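Heads up, the thing below is written out as structure tokens.
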Amino acid sequence: MVSCRNVILLLAVTALLIPAGNAQAYTSAGLHGGFSSSPDQFVIGPHLNLSAVGENLYIVPSGEVGFGDNVLTLAFNGDLQYRFVVHRSKIRPYAGGGLSVFFFDPDGPGSSNTNLGVNLLGGMFFGEMNRRPMFLDFKVGLSSEVPDWKLQFGFNF
């Protein structure tokens, strides 16, 4: 059963998926997918690439559904990325972290569970100059409530 605390956390993370009014002009949406470990799954979902909230600092909300390892998972993520400037390069490496509301529903008689977890992340953001932003992302779960790691590729429309 989902507790009141988890519902409030889910609503807070969902609010991150709604772009701010003046940032909307620079917001793009896209899809990402990849693999996670523990549970070992294929994950896919939408994300938003919002305008910078500070110099080289971005909030990237996303959602994912995971399939495999005899469990269905849903994740709602609020990630904060610092994108490094590499002169004479169109690739922008980034590092950051985020919170994740993670829903876990095993096949069979096991009960479902919703938890809040923490991730560290790093990756490469590229293609921004061509108006086709893409990224390669690696997340490490810092708490037992989220997968041990995720490797994902994403693109924006």
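Under our numbering, think of the first position of the sequence shown as 141, with each following residue one higher. Even glycine gets a Cβ: it sits at the ideal position worked out from N, Cα and C. All figures in this text were calculated on a predicted structure; none of them were measured in a lab.
Collapsing the DSSP output to three states places residue 204 in a strand. In this structure, the beta-carbon distance from residue 293 to residue 174 falls below 9 angstroms. For residue 238, the uninterrupted beta strand (DSSP E) segment begins and ends at 232 to 246. For the set 242, 262, 258, the Cα lying nearest the Cα of residue 234 is the one of 262.
By the beta-carbon neighbour count (other beta carbons within 10 angstroms, threshold 16), residue 284 is exposed.
The Cβ atoms of residue 278 and residue 290 sit closer than 9 angstroms to each other.
With 16 or more other CB atoms across the displayed protein chains lying within 10 angstroms of its CB, residue 223 is buried.
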